[in-house]
Amino acid sequence: MTETRSGLPMGPNKRDDHRFRPHERLRKRSEYLRVKGEGRRLPCQRFVVNVAPNGLDHHRLGLIVQKRFWNAVQRNRIKRCLREWFRLHKHRLPGPGKDIVVIARPGVERLKMPEMAEQLNRCLGMHPKRRS
């Protein structure tokens with residue numbers, strides 16, 4: 004099996020594994036409140052991350068980017084970067100299914116995608132892949 008430049012395997016089955024599917028999103032207010040109430044709050048520089056077990060076999064992501072800090076273009080860019088991070092790293096997240104809520108703090112709009120990913124990986128205890 005061949006690999007892409009990003010190191011992800013190519014093939015009909017592997018391609019689907021790296022999609023961000025609708026069932027991997029938190030949608031309802033009650034889901035966000037459950038994660039806040041039952042979950043752990045993890046320290047992070049430019050994010051507040053709440054994590055709670057969800058009883059499912061897959062992880063789910065919820066994003067909160069407040070309107071009062073940035074304009075729509077910046078908010079959408081932040082959300083796109085966070086969704087892309089989740090899409091690429093969800094298979095490396097430790098443990099069984101978890102609900103993850105990421106809240107953006109002021110200053111995150113200046114970060115590039117790799118810096119956001121590094122902060123989230125460090126926050127969630129994910130160590131970078133070693134290249135051999």
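Under our numbering, read the sequence shown as residues 4 to 135, first letter to last.
Cβ atoms here follow ideal geometry from the backbone N, Cα and C, with glycine treated the same way.
Query: Own chain, CB closer than 6 Å to V51, minus 5 neighbours either side, in chain order; Result: I106
Query: Exposure of H26, with buried meaning 16 or more beta-carbon neighbours within 10 Å; Result: exposed
Query: Those residues which DSSP pairs with A107 across a bridge; Result: F50
Query: Sub-8 Å separation of L29 and V104 beta-carbons; Result: yes
Query: Delimiting residues of the beta strand (DSSP E) encompassing R90; Result: Element bounds for R90: not the beta strand (DSSP E) but the alpha helix (DSSP H), A75 to H92.
Query: Rounded separation between R2 and R90 - CA only; Result: Outside the shown range of the chain, which is 4 to 135, sits residue 2, and nothing can be said about it.
Query: For G65, the first and last residue of its enclosing beta strand (DSSP E); Result: R63 to I67
Query: Inter-residue CB distance, A55 and K101 (contact presumed, cutoff 8 Å); Result: 7 Å
Query: 8 Å Cβ cutoff met for W88 and L66; Result: no
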